[in-house]
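S.K.:
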Amino acid sequence: MRQVKCSRKLFNNRQHLYSGELSGSIISINPKNYKRVTVKQVPKSGLRTWDYCRTVRRCGLTWHKFLMSLSAAVSLILLVGACRSTPTIKNTDSNLPGLNDLPPGWSKIEPGGDTRCARNTPYAYWVRPGAANRVFVYFQGGGGCYDAATCGLAGSYKDEVTDNDNPDFTIGGVFNLNRPENPFRDYTMVFVPYCTGDVHSGNKVETYTARSGKTFDIYHRGYVNAASALNWIYANFEQPDSIFVAGCSAGAIGSILHTPHIIRHYPRTPVIQLGDSGGGLTSFIPWDIDTDYDAGAYFPDWIPGMQEEIAHSFTVSDFYAAVANHYPDYIFSQFNFANDRTQRRYFVADGGSEQDFAGALQTGLNEIQNDAANFRSYTARGERHCILKHTSFYAEATDGVHLRDWVANLADQIEVDSVK
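Note that the working numbering has the sequence shown beginning at 1371, numbered continuously upward.
Okay, structure coming up:
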């Protein structure tokens, strides 16, 4: 593993990634009485989504935590204490609506139970019923935090779920259900929001102390929240024909983290995983995510190497290789832009150079594929960050291979080659 020189630096950048006029409706369903549906009209005057990022490099801890808002990219997480059993997550409300109870379009489901956002506000996820017996699961990105500075009120991470998270407002990419060429148009879609600063990994309430001496609690319950959405799938799909698991940036990390649990629950169902723009930090200093979020107890301890090697020293490439080797009949994959400006900034903040980023990214992808024959990657030209939720998903082509077709073949379990 390539070591980088430790330096203390603060990287702070704000970037306007999307601004658009949106219209539609939000369907809210409360588990206490899910037959009462509240529809809130959204004016055409500009719901805007602003993405920004901040990373604080901490010397001598782990690596800087590749965390971005709405497109956070991180170097994941994994492992279990050797003697710990998997904790029990309190089941969500038994009155949650089933698939057949949902109206057409996106429904917001508030699971209750142990789920919470960072500042102890309610969590929710969205479901869109589809005609096929197939499920598309998407993990949202949205920043992250791990100390008093990054978790404070000025921290640049997404700390709540609001009606603006409704995927109906994400009008491009795989969420444009009006495009006949959308490979997931007929799938039941489950959108897993992110609001806990822990890359969908934790179950910990951490008390932080600000410089003023004031203390505050942050609910790092990303694993609990994601598990509530997956539990809804388990309760409503006895045997899906297939499941496609994806996510953008920090959500890309969430997608690979939770895929082993999905496979274990559905051992006879084809499960395909695709991480969008989350693979650029595979050569960085490993991250001890168990210390930060108590995440280790939820990692797939049935996979060899997780407890002994990855628990407190995680890299993306090591985790992908371990999971892919344990499940050789499944496909695991990544999409990245070769010079992704977002991932590149973090690469530089952690001691690398802009000129070296593209090579380091490809080296990490090659390492995974050399270790796991069932891993595939698609690396496109350009500096953008994330593509599945954007209209360019349908236009992107590299080396004569259209990304839309490549992803559709993955979903249909048709053999594809890596593209770069």
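Just so you know, even glycine gets a beta-carbon here, dropped at the ideal spot from N, CA and C.
Please report the Cβ distance between I1626 and Q1643, rounded to the nearest whole angstrom; I am assuming they are in contact, meaning their Cβ atoms lie under 8 Å.
M.R.: So it is a contact: roughly 6 Å between Cβ atoms.
S.K.: Report back the beta-carbon spacing between C1515 and G1583 to the nearest angstrom; my notes put them in contact at under 8 Å.
M.R.: Actually they are not in contact, since the Cβ atoms of C1515 and G1583 sit about 19 Å apart, beyond 8 Å.
S.K.: Would you list the residues sitting across from Q1704 in a DSSP beta bridge?
M.R.: BP columns for Q1704 point to G1645 and S1747.
S.K.: Given a threshold of 16 other Cβ atoms within 10 Å of its Cβ, counted over all protein chains shown, does Q1783 qualify as buried or as exposed?
M.R.: Flag for Q1783 reads exposed.
S.K.: With 16 other CB atoms within 10 Å as the buried threshold, where does A1443 fall?
M.R.: Legend: pLDDT at A1443 = 35, less than 50; position of this residue unreliable, value from coordinates given subsequently. Buried, by the Cβ-count rule.
S.K.: With H, G and I counted as helix, E and B as strand and the rest as coil, what does DSSP make of R1774?
M.R.: DSSP places R1774 in helix when its eight states are reduced to three.
S.K.: To the nearest angstrom, how far is it from the Cα of K1790 to the Cα of R1549?
M.R.: So the two alpha carbons sit approximately 26 Å from each other.
S.K.: Please go through the same chain and pick out, in chain order, the residues whose beta-carbon is closer than 6 Å to the beta-carbon of R1555, but skip the five residues on each side of it.
M.R.: Within the same chain, R1555 has close Cβ partners L1547.
S.K.: Compute the Euclidean distance between the alpha carbons of Q1510 and C1618, then round it to the nearest angstrom.
M.R.: The alpha-carbon atoms of Q1510 and C1618 are separated by roughly 6 Å.
S.K.: Pull up the DSSP beta-bridge partners for K1528, would you.
M.R.: In DSSP, K1528 forms no bridge with anything.
S.K.: Apply the 10 Å Cβ neighbour rule to N1536 and answer buried if 16 or more other Cβ atoms are within range, or exposed otherwise.
M.R.: The residue is buried, with at least 16 neighbouring Cβ atoms inside 10 Å.
S.K.: Using a threshold of 8 Å, state whether the C-beta atoms of R1638 and T1558 are closer than that.
M.R.: No, these two residues do not count as a Cβ contact at 8 Å.
S.K.: Just curious, the beta strand (DSSP E) that D1587 is in, first and last residue?
M.R.: Looking at the DSSP string, the run of the beta strand (DSSP E) that includes D1587 is T1585 to H1590.
S.K.: Given that a residue counts as buried once 16 or more other Cβ atoms are within 10 Å of its Cβ, and exposed if not, what is P1474?
M.R.: Looking at its Cβ environment, which holds fewer than 16 other Cβ atoms inside 10 Å, P1474 is exposed.
S.K.: Counting C-beta neighbours from all protein chains within 10 Å, is the total for E1576 16 or more, i.e. buried, or is it exposed?
M.R.: Burial call: buried.
S.K.: Please classify A1743: is it buried, with 16 or more other beta-carbons within 10 angstroms of its beta-carbon, or exposed?
M.R.: Classification of A1743: exposed, given that the 10 Å Cβ count is below 16.
S.K.: N1465 to V1562, Cα distance in whole Å?
M.R.: Distance between the alpha carbons of N1465 and V1562 is about 20 Å.
S.K.: Between the alpha carbons of E1766 and E1753, how many angstroms are there, rounded?
M.R.: Computed Cα separation, rounded: 13 Å.
S.K.: How would you label R1504, buried or exposed, when you count the other beta carbons within 10 angstroms and need 16 or more for buried?
M.R.: Burial call: buried.
S.K.: Give the range of the alpha helix (DSSP H) segment to which R1711 is assigned.
M.R.: Where R1711 is concerned, the enclosing alpha helix (DSSP H) stretches over R1711 to A1719.
S.K.: Does the beta-carbon of S1526 have 16 or more other beta-carbons within 10 angstroms, so that it is buried, or is it exposed?
M.R.: So S1526 ends up on the buried side.
S.K.: Run the CB neighbour count on N1606, radius 10 Å, all protein chains shown included, and call it buried at 16 or more, exposed below.
M.R.: So N1606 counts as buried.
S.K.: If L1758 sits next to G1543, beta carbons under 8 Å apart, how far is it from one beta carbon to the other, in whole angstroms?
M.R.: Confirmed, Cβ separation roughly 5 Å.
S.K.: For E1551, which of helix, strand or coil comes out of DSSP?
M.R.: Residue state, collapsed to three classes: coil.
S.K.: For N1779, which three-state DSSP category applies?
M.R.: It is helical.
S.K.: Just tell me which of Y1604, G1572, S1747 and A1501 has its CA closest to the CA of G1649.
M.R.: Ranking the options by Cα distance to G1649, first place goes to S1747.
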